[in-house]
Each structure stands twice: as structure tokens, then as C-alpha cells.
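Peer 1: Structure below; questions to follow.
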Amino acid sequence: MGPHPDIPVTVVGAGPYGLAIAAHLRARKVPLRVFGEPMDSWSTRMPAGMFLKSTPRASSIADPGAHCRLQDFRAEEGRPSGEDQHPVPIEEFIRYGRWFQERCVPEVEREKVERISYHRDAFRITLASGEAFGSRRVVLATGLGPYPYLPPVLDPLLADGRASHPADHADLAVFTGRRVAVVGAGQSALESAALLYEAGALPILVARTRKLLFGEPPPTDSPTDRPLPVRMVKPASPLGPGWSLVAFAHAPHVYRYLPEETRARLLRTVLGPSGAWWLRERVDGRFPQLTGRSLHRSVADGEGPVRLELRGGQARPEVLEADHVLSATGYRVDVDRLRLLDPELRRALTCTGTAPLLSAEFESSVPGLYFAGLSAAATFGPVLRFVCGSGFAARRISGAVVASGRR
Ligand SMILES: Cc1cc2nc3c(=O)[nH]c(=O)nc-3n(C[C@H](O)[C@H](O)[C@H](O)COP(=O)(O)OP(=O)(O)OC[C@H]3O[C@@H](n4cnc5c(N)ncnc54)[C@H](O)[C@@H]3O)c2cc1C
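According to the numbering used here, the sequence shown is numbered sequentially starting from 1259.
Next up, the structure:
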């Protein structure tokens, strides 16, 4: 079929961002199609047994009526709504996301979008099933999937599958009894190492930082129960306590006006590598921690152990032997990795660094093509890396779509 603009909006992605945006578009009566596997990243690319680092109050997917928050889900299941002192288990969050989808976006089609191209004034969407249709606007909420980052020093280990990213594993118990070098000092590295240890594997943490950092346990379950002076000095925010985090959480529209270099630096440094407060006792003293070391070389020798050459303060490099390397080295947005976008469409995107540069309404330099979630963090700041940014994105995008329909 030809590229007729027969669907006003197509949302690609059924994670927290795709669902929130679709729910807002539905509420505004915008006809749409939504594609993706609901909560797929959480069930297939994060480890079973994980807990969310974000607090329950910062882990609700945005719905326009605020009737489908995590606390509403818990109330329906007849469970009390714990707050800051009660981290959310991933299994609960997946059930919550699917409950949200059934209520707020029942029309999600569990199909993969294979290709998106642009012809004259409409997008052409091709599905894995072979179906193709036209769409006036496309919202890409495909999440972290294309962006896992492994440092090039691990390249020699990749061919034999001797190094991987946490996104490759939904169950770390596959490593039981094996020595796993876990690289990194952030939540993912620390929690992966803890889960490996608890599953009977032998993790060894390798981190560039000299000292592992953990958050402070919250003094009360609810921020409103804290004394006024405490709240004045360190006000609560969905990203954590402190005035700067309040600004990043509540003023993403202002972040966009910062100079490009400042935005890039803040994205790298705000909420730098650290573990949640409740991880400390599962990490400290449990398994070896080689801090102040960086990876210099990696070698895989047939069936034998992997050898990692580490550089730290010592004159000679240390050699660490392991059966596998789990590189919890984060995600890097790069539009070139968005293979579902036609190469011509990718080339037409104006970027900030390697991420798409977006308008105040999340629209890219290709009119009608919107980006949400991690891809939008280079424009709007760190809140877009978390579920708590889904309301801002959903309100802006749905508002822009309705306004552009009137023009
Ligand atoms: C280990 C880990 C822990 C985290 N912990 C937290 C936390 O505690 N709190 C928090 O707020 N955030 C956390 N995050 C970040 C979290 O991933 C994001 O906040 C959230 O998942 C972003 O939602 P999203 O909808 O943008 O993307 P995702 O949840 O990644 O969803 C992507 C969706 O796109 C769909 N999709 C992808 N490609 C296609 C295609 N070609 N066709 C059709 N559909 C497609 C997928 O099926 C899926 O439905 C964590 C991330 C990681 C990796």
C-alpha cells in the first residue's frame, strides 16, 4: 500500500513512556496505534529479584486522571502503600505496568515495528508481520534497548560471549558457581554483584572509583514526616533529596535552554554512580571489591579463564582471572543505533552529541517525529531517564499532537 496518512499517531513502545503517552493521547481522543510488548524491558532486560532504586512515590506511570498510580494498584491488590523505606520489587512493578496497560491502553498491539521511513508528508510504518501503513506522526518510546554500552577494551571477549551487559540477562542465576568480574560502581553493577553472590556465583567488583557510594537511609517513610528544618535543607524530589534534584525533577523545560556542553556534563554527573541505601549491607564485605582500577586489556584464551589487565595506582598492571565479565557500564544514546529508522530519516535528525535534539514539545528536526524517555534526556535532563519523567513527556507530546492537528 502507499504511504497514506491514515493513522494520526503511532506510538512505538509499551514501556512506562509509551504507555503514559498513549494514555494521554487516548484521553484527548486522538486516534492512534500503539506497538510493543508491555513492560518488556523490565521482564527481559533486568534481573529477576531486582528492586527499583526509585521510591514508590516516584515510580508511577503517568495517567491523565491520576487513577492508575502505583498506590492505586496496591490498593486494588489490598496491600498497604509503603513509601521511601520500602523499595519496590521489580516483579511488582512489572505487574503494575501490565495492569496500567490493560486499564489505560488496552489497544496495545504486541507487534514489532520493523521499519519507519518518511515519504513526502507522512511516515510509512512496516511491521514485522509485513503489514505497512501510513502515519502522520510517530512517537518513539523504544527505551534503553538499542543503547547498552560496553567499553571497547572488552571487544576481544565478545565473539565467544565471555563478556556481556546486564541488559543481556533476566536471570543472573545462570552464573551460579562461576567467577564473574562485574565492572562498574552504579546501581546496576552493585545490585548485579549482590544478586550474583546471593545466587551462589563468585562476583568480583571492578570499579574506577576509589570508594563505593551508597545513598542515606531515609529517616522516615514519608518525606512529610521529616522535621521542617530537614525538609528546608534537603527537600524531597522524585529524583532524591536536595534542591538541585528538585530543579532537575520539576523544571526539565528549563534544562533545554542550558548550553549544550552544560547539558552534556550535567547528564554525565548528576546522580553519578552510587547504590541505593538498602544495597549497602548486601555489598559491603560480601565479595572482593577492586576499586580505583580501570580496565586496560582483556584476553580470552579458548576455554580457559578470561584475563583482565587492570591499572590502578600500582607500577605493574594486575591480572584478574574470571569466567565471565559483566560490564554494567550503562547506556549511551546514539541515533545511529536506531535501526528501525530508515537511514535517510536518521541522517535528517539534528543531534545534540549523538542524541536527537528536541523542541520544547519533544519533536525532532523531522516534523512529526517525537522521542521520549532516555533519548530525550540530552534535551530535558536526567528526569527523562526515569519513570517519574513520563508525565512531563506525555503532557507535552499529547498537547503538541492535538495542537498540530488543529493547524
Ligand atoms: C537495571 C535498571 C534499573 C532501573 N531502575 C529504575 C528505577 O528504579 N526507577 C526508574 O524510574 N527507572 C529505572 N530504570 C530506567 C527505566 O528503564 C526507565 O525509566 C523506563 O523503563 C523507561 O521507559 P520507556 O518506556 O522509555 O522504555 P522501556 O521500558 O525500555 O520500554 C521500551 C518499549 O519499547 C518497545 N519496543 C522497542 N523496540 C520496538 C520496536 N521495534 N517495535 C515495537 N516496540 C518496540 C518494547 O517492547 C517496550 O515495550 C532502570 C533501568 C535499568 C536498566
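Ideal Cβ positions, reconstructed from N, Cα and C, are used throughout, including at glycine.
(1) Starting from Arg-1574, trace the beta strand (DSSP E) both ways and give me its first and last residue.
(2) So for His-1511, helix, strand or coil by DSSP?
(3) Spell out the partners DSSP gives Gln-1547 in its beta bridges.
(4) How far does the alpha helix (DSSP H) with Glu-1699 in it extend, from its first residue to its last?
(5) So the beta strand (DSSP E) Tyr-1628 belongs to, where does it begin and stop?
(6) Report the three-state DSSP secondary structure of Pro-1261 (helix, strand or coil).
(7) Can you list, in chain order, the residues of its chain whose CB lies under 7 Å from that of Leu-1408, leaving out five sequence neighbours each side?
(8) Compute the Euclidean distance between the alpha carbons of Thr-1608 and Leu-1471, then round it to the nearest angstrom.
(9) What residue from Pro-1296, Gly-1340 and Leu-1503 has the CA that sits closest to Arg-1361's CA?
(10) Assuming Leu-1596 and Arg-1604 form a contact by the criterion Cβ under 8 Å, report the distance between their Cβ atoms to the nearest whole angstrom.
(11) From this set, Glu-1372, Gly-1444 and Gly-1323, which residue's C-alpha is nearest Asp-1469's C-alpha?
(12) Might you give, ordered along the chain, the residues of its own chain that have their beta carbon closer than 7 Å to the beta carbon of Phe-1629, omitting 5 neighbours on each side?
(13) Using the rule of at least 16 other Cβ atoms within 10 Å of the residue's Cβ for burial, across every protein chain shown, is Met-1490 buried or exposed?
(14) List the endpoints of the continuous beta strand (DSSP E) containing Val-1292.
(15) Consult DSSP for Ala-1494 and reduce its assignment to one of helix, strand or coil.
(16) Measuring CA to CA, which of Trp-1300, Ser-1446, Arg-1436 and Thr-1478 is closest to Gly-1458?
(17) Suppose you measure from the CA of Ala-1658 to the CA of Arg-1394; what does that come to, to the nearest Å?
(18) Quick one: any contact between the stretch 1567 to 1584 and the stretch 1478 to 1495, if contact means 3 or more CB pairs under 8 Å?
(19) Under the three-state reduction of DSSP, which class applies to Val-1346: helix, strand or coil?
(20) Check each candidate in Thr-1612, Pro-1406 and Arg-1353 and name the one with the smallest Cα separation from Glu-1334.
(21) For Glu-1456, write down the residues that DSSP places opposite it in a beta bridge.
(22) Given 7 Å as the limit, tell me if Ala-1324 has its C-beta closer than that to any heavy atom belonging to ligand 1.
(23) Roughly how many angstroms separate the alpha carbons of Gly-1260 and Arg-1382, rounded to a whole number?
(24) Between Ala-1272 and Leu-1627, what straight-line distance do the alpha-carbon atoms span, to the nearest angstrom?
(25) Ordered along the chain, which non-local residues of its own chain (more than five positions away) have a Cβ less than 6 Å from that of Phe-1650?
(26) What residue does the beta strand (DSSP E) around Ala-1380 start on, and which one ends it?
(27) Look at the alpha carbon of Met-1304 and the alpha carbon of Glu-1602, and state the distance between them as a whole number of angstroms.
(28) Quick one, which of Asp-1298, Ala-1390, Thr-1610 and Lys-1287 has its alpha-carbon nearest Glu-1519's?
(29) Closer than 7 Å to a non-hydrogen atom of ligand 1 - does that hold for the CB of Tyr-1515?
(30) Would you mind working out which of Phe-1358, Val-1464, Gly-1530 and Arg-1315 sits nearest Glu-1321, comparing C-alpha positions?
(31) Counting only the same chain and skipping the five closest in sequence on each side, list residues whose C-beta sits under 7 Å from that of Pro-1640.
(32) What first and last residue would you give for the beta strand (DSSP E) that runs through Arg-1395?
(33) Determine the burial state of Val-1270: buried for a count of at least 16 other Cβ atoms within 10 Å of its Cβ, exposed for fewer.
(34) Output the boundary residues of the beta strand (DSSP E) element that contains Ser-1301.
(35) Less than 8 Å between C-beta atoms, sequence neighbours within five positions excluded: which residues of the same chain meet that for Ala-1606?
(36) Hey, would you say Leu-1566 sits closer than 8 Å to Ala-1451, going by beta carbons?
Peer 2: Taking the coordinates as given:
(1) No beta strand (DSSP E) holds Arg-1574; DSSP gives it neither H nor E.
(2) Residue state, collapsed to three classes: helix.
(3) DSSP output for Gln-1547 lists Leu-1463 as bridge partner(s).
(4) Residue 1699 lies beyond the stretch modelled for the chain, which goes from 1259 to 1665, so this question has no answer here.
(5) Start and end: 1627 to 1629.
(6) With a pLDDT of 45 at Pro-1261, under the threshold of 50, the modelled position of that residue is not reliable, and the figure given next carries that caveat. Here Pro-1261 sits in coil by DSSP.
(7) Non-local beta-carbon contacts of Leu-1408 in its own chain, meaning distances under 7 Å to residues more than five positions away in sequence, involve Ala-1421, His-1423, Ser-1585 and Thr-1587 in chain order.
(8) Their backbone Cα atoms lie some 36 Å apart in a straight line.
(9) Out of Pro-1296, Gly-1340 and Leu-1503, Pro-1296 has the C-alpha closest to the C-alpha of Arg-1361.
(10) Indeed, because the Cβ distance is near 6 Å, the residues count as touching under 8 Å.
(11) Contrary to the premise, residue 1469 reads as Lys rather than Asp in this sequence. Taking Lys-1469 as reference, the option from Glu-1372, Gly-1444 and Gly-1323 with the minimal CA-CA separation is Gly-1444.
(12) Shown here for Phe-1629: same chain residues with a beta carbon closer than 7 Å to its own, the five before and five after excluded, namely Leu-1398, Pro-1614, Leu-1616, Phe-1620 and Ser-1622 in chain order.
(13) Label assigned to Met-1490: exposed.
(14) It spans 1290 to 1293 - the beta strand (DSSP E) in which Val-1292 sits, taken as one unbroken run.
(15) For Ala-1494, the secondary structure class from DSSP, reduced to helix, strand or coil, is coil.
(16) For the set Trp-1300, Ser-1446, Arg-1436 and Thr-1478, the Cα lying nearest the Cα of Gly-1458 is the one of Arg-1436.
(17) When only Cα atoms are considered, Ala-1658 and Arg-1394 end up about 13 Å apart.
(18) Contact annotation: the stretch 1567 to 1584 does not touch the stretch 1478 to 1495, with fewer than three C-beta pairs closer than 8 Å.
(19) Residue state, collapsed to three classes: coil.
(20) For Glu-1334, the nearest C-alpha among the options comes from Arg-1353.
(21) Within the DSSP secondary-structure output, Glu-1456 pairs in no beta bridge.
(22) Flag unset: Cβ of Ala-1324 not near ligand 1.
(23) Note on Gly-1260: pLDDT 47, under 50, position unreliable in the model; the coordinate value appears next. Rounded to the nearest angstrom, the two C-alpha atoms are 8 Å apart.
(24) Separation of Ala-1272 and Leu-1627 (C-alpha to C-alpha, rounded to the nearest whole angstrom) is 17 Å.
(25) Same-chain partners within the cutoff: Pro-1510.
(26) Per DSSP, the unbroken beta strand (DSSP E) holding Ala-1380 starts and ends at 1380 to 1385.
(27) If I take the Cα positions, the gap works out to 32 Å.
(28) Nearest in C-alpha terms to Glu-1519, of all of Asp-1298, Ala-1390, Thr-1610 and Lys-1287, is Thr-1610.
(29) Taking 7 Å as the cut-off, the C-beta of Tyr-1515 does not count as close to any heavy atom of ligand 1.
(30) Checking the sequence shown, residue 1321 turns out to be Asp, not Glu. For the residues Phe-1358, Val-1464, Gly-1530 and Arg-1315, the minimum Cα distance to Asp-1321 belongs to Phe-1358.
(31) Correct list, in chain order: Leu-1497, Phe-1506, Leu-1525, Val-1528 and Leu-1529.
(32) That run of the beta strand (DSSP E) goes 1390 to 1398.
(33) Residue burial is scored here from C-beta neighbours: Val-1270 has at least 16 other C-beta atoms within 10 angstroms and is therefore classed as buried.
(34) Careful: Ser-1301 lies outside any beta strand (DSSP E), inside the alpha helix (DSSP H) at 1298 to 1302.
(35) Closer than 8 Å at the Cβ level, and outside the excluded window around Ala-1606, lie Tyr-1376, Ser-1623 and Val-1624.
(36) Taking a C-beta distance under 8 Å as the contact criterion, Leu-1566 and Ala-1451 do not qualify as a contact pair.
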